[in-house]
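K.L.:
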Amino acid sequence: MHLPPRVLTVAGSDSGGGAGIQADLKTMLALGTHGMSVLTAVTAQNSLGVQGAWELPAEAVRAQFRSVVDDIGVQAVKTGMLSSAALVETVAELLAGVRAPVVVDPVGVSKHGDALLAPTALDAVRGALLPTATVATPNLDEVAQLTGVRVEKEADMRRAAAAILEFGPRWALIKGGHLAAGHGERAVDLLTDGTEEHWLRAPRHDNRHTHGTGCTLASALAAQLAKGDTVPQAAAAAKEYVTGALAAGFRLGAGIGPVDHGWRWRGAH
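Right under this line is the structure:
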């Protein structure tokens, strides 16, 4: 019997299904892996924003993690919304004992501008969580939040990556999707370990339905690492998957709709 690679997401729930745990599990399935989850928070969330968030106790997070890792095992782990210093420190401590690659998405703010990380948790992200990462995947707002580096143009992304790498991840994937760009330009990300540099470019799609982009990219990266890809291979494959999902993003509710995690099989019919 073929056993698919096992990938664990440690993140919050998005009741609207576009981001968080829901996006992670859809992505993992779409890319041929078995997704598992450790829930860190429950949100009341839809296309208009986050109406409420309830953090789980650290012992609940620890118990879920041990339950999965000790029995089933993991080939990669992805972290998302951790919300508080206590949860960040708990998860960092758990990750320190895992040999599998770890993708850290340092989620700070939702697509709607809702804060998903307490300001008091930033030091724990810098000092405890980022050092556990095989790859850290901050967007430009998260780079500014964590390092103070503001990226105004493509050339600034090297400085941003260097600042993130100072905190100890092996690789930084700086997501340039928020760079001001006109229609028809290309969305660029920079992947680097401080020595190697990979610029990942893809068409920028004129589609406002982009909810869950960051979660989806980090999960795709983790899925590809679980399948045995190198970090540069995994990043390129994840970028291709997310670009297709963005292009196929659809309206849901009255606000910002999600990317389409099933774009490949939907397009095949």
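In terms of the working numbering, the sequence shown opens at residue 846 and continues consecutively.
Cβ coordinates follow ideal geometry from the N, Cα and C atoms, glycine included.
These numbers were taken from a predicted model, which means no experiment stands behind them.
Which residue from 1082, 876, 900 puts its Cα closest to that of residue 931?
P.N.:
Mapped onto the sequence shown, residue 931 falls at position 86. The shortest C-alpha separation from residue 931 is found at 900.
K.L.:
So within the stretch 983–1047, which uninterrupted alpha helix (DSSP H) runs reach at least 4 residues, ignoring any that extend past its ends?
P.N.:
Here the runs fully enclosed are 985–992, 1001–1010.
K.L.:
Given this structure, state the Cα-to-Cα distance separating residue 887 from residue 857, to the nearest angstrom.
P.N.:
Against the sequence shown, residue 887 aligns to sequence position 42. Against the sequence shown, residue 857 aligns to sequence position 12. Cα to Cα, residue 887 sits roughly 6 Å from residue 857.
K.L.:
Where are the alpha helix (DSSP H) runs, 4 residues long or more, that stay fully inside the stretch 906–966, in chain order?
P.N.:
Listed in chain order, the complete alpha helix (DSSP H) runs (minimum 4 residues) inside the stretch 906–966 are 930–940.
K.L.:
Beta-carbon within less than 6 Å of residue 1107's beta-carbon, same chain only, minus the 5 sequence neighbours each way: which residues are those?
P.N.:
Counting from one through the sequence shown, the residue named residue 1107 turns up at place 262. Answer for residue 1107: no residue qualifies.
K.L.:
Just to check my reading of the structure: residue 987 and residue 951 have Cβ atoms closer than 8 Å, yes? What is that Cβ distance to the nearest angstrom?
P.N.:
The residue you call residue 987 lines up with position 142 of the sequence shown. The residue you call residue 951 lines up with position 106 of the sequence shown. Their Cβ separation, rounded to whole angstroms, is 5 Å, which keeps residue 987 and residue 951 in contact under 8 Å.
K.L.:
State the DSSP-derived secondary structure class of residue 883, mapped to helix, strand or coil.
P.N.:
Mapped onto the sequence shown, residue 883 falls at position 38. In the structure shown, residue 883 sits in a strand (DSSP, three-state: E or B).
K.L.:
When we look at the beta-carbon of residue 1116 and count the other beta-carbons within 10 Å, is it buried (16 or more) or exposed?
P.N.:
Residue 1116 lies beyond the stretch modelled for the chain, which goes from 846 to 1114, so this question has no answer here.
K.L.:
For residue 878, which residues in the same chain have their Cβ closer than 6 Å to its Cβ, ignoring the five residues on either side in sequence?
P.N.:
Here residue 878 is taken as the residue at index 33 of the sequence shown, counted from 1. Closer than 6 Å at Cβ, skipping near neighbours: 849, 850, 852, 1068, 1071.
K.L.:
Go ahead and pull the three-state DSSP assignment for residue 860.
P.N.:
Residue numbering aside, residue 860 sits at position 15 when the sequence shown is read from its first letter. Coil at residue 860, not helix or strand.
K.L.:
Which residues mark the beginning and the end of the alpha helix (DSSP H) in which residue 1089 is found?
P.N.:
Looking up residue 1089 in the sequence shown gives position 244. Its alpha helix (DSSP H) spans residues 1076–1092.
K.L.:
Three-state secondary structure (DSSP) at residue 1066?
P.N.:
As a first step, residue 1066 is located in the sequence shown; it is residue number 221 there, counting from the start. Looking at residue 1066 - three-state DSSP - the assignment turns out to be helix.
K.L.:
Report the rounded CA-to-CA distance for residue 978 versus residue 941, giving the unit in angstroms.
P.N.:
As a position in the sequence shown, residue 978 is number 133, starting the count at 1. As a position in the sequence shown, residue 941 is number 96, starting the count at 1. About 9 Å.
K.L.:
Out of curiosity, what's the CA-to-CA distance linking residue 1102 and residue 883?
P.N.:
As a first step, residue 1102 must be located in the sequence shown, where it is residue number 257. As a first step, residue 883 must be located in the sequence shown, where it is residue number 38. About 25 Å.
K.L.:
What does the Cβ neighbour count give for residue 1011, buried or exposed, with the cut at 16 atoms within 10 Å?
P.N.:
Reading the sequence shown from its first residue, position 166 is the one you call residue 1011. Under this definition residue 1011 is an exposed residue.
K.L.:
Using C-beta distances below 7 Å, list every residue in its chain close to residue 1055, excluding the 5 sequence neighbours before and after it, in chain order.
P.N.:
Taking the sequence shown and counting its residues from 1, one reaches residue 1055 at position 210. So the list reads 956, 1091, 1094, 1101, 1104, once near-sequence residues are dropped.
K.L.:
So the alpha helix (DSSP H) residue 972 belongs to, where does it begin and stop?
P.N.:
The residue labelled residue 972 in the question sits at position 127 within the sequence shown. No alpha helix (DSSP H) holds residue 972; DSSP gives it neither H nor E.
K.L.:
Would residue 1016 pass as a contact of residue 1037 if the rule is Cβ separation under 8 Å?
P.N.:
Your numbering for residue 1016 matches position 171 in the sequence shown. Your numbering for residue 1037 matches position 192 in the sequence shown. Taking 8 Å as the Cβ cut-off, residue 1016 and residue 1037 qualify as a contacting pair.
K.L.:
Short of 7 Å in beta carbon distance, which residues of its chain neighbour residue 1006, apart from the five on each side in sequence? Order them along the chain.
P.N.:
Here residue 1006 refers to the residue found at position 161 when the sequence shown is read from its first residue. If we look at residue 1006 and ignore the five residues flanking it on each side, its Cβ neighbours are 1017, 1019, 1035, 1037.
K.L.:
DSSP on residue 894, reduced to helix/strand/coil?
P.N.:
Counting from one through the sequence shown, the residue named residue 894 turns up at place 49. Here residue 894 sits in strand by DSSP.
K.L.:
Taking the continuous alpha helix (DSSP H) assigned at residue 869, which residues delimit it?
P.N.:
To locate residue 869, count along the sequence shown from 1; it is residue 24. Unbroken alpha helix (DSSP H) run through residue 869: 865–875.
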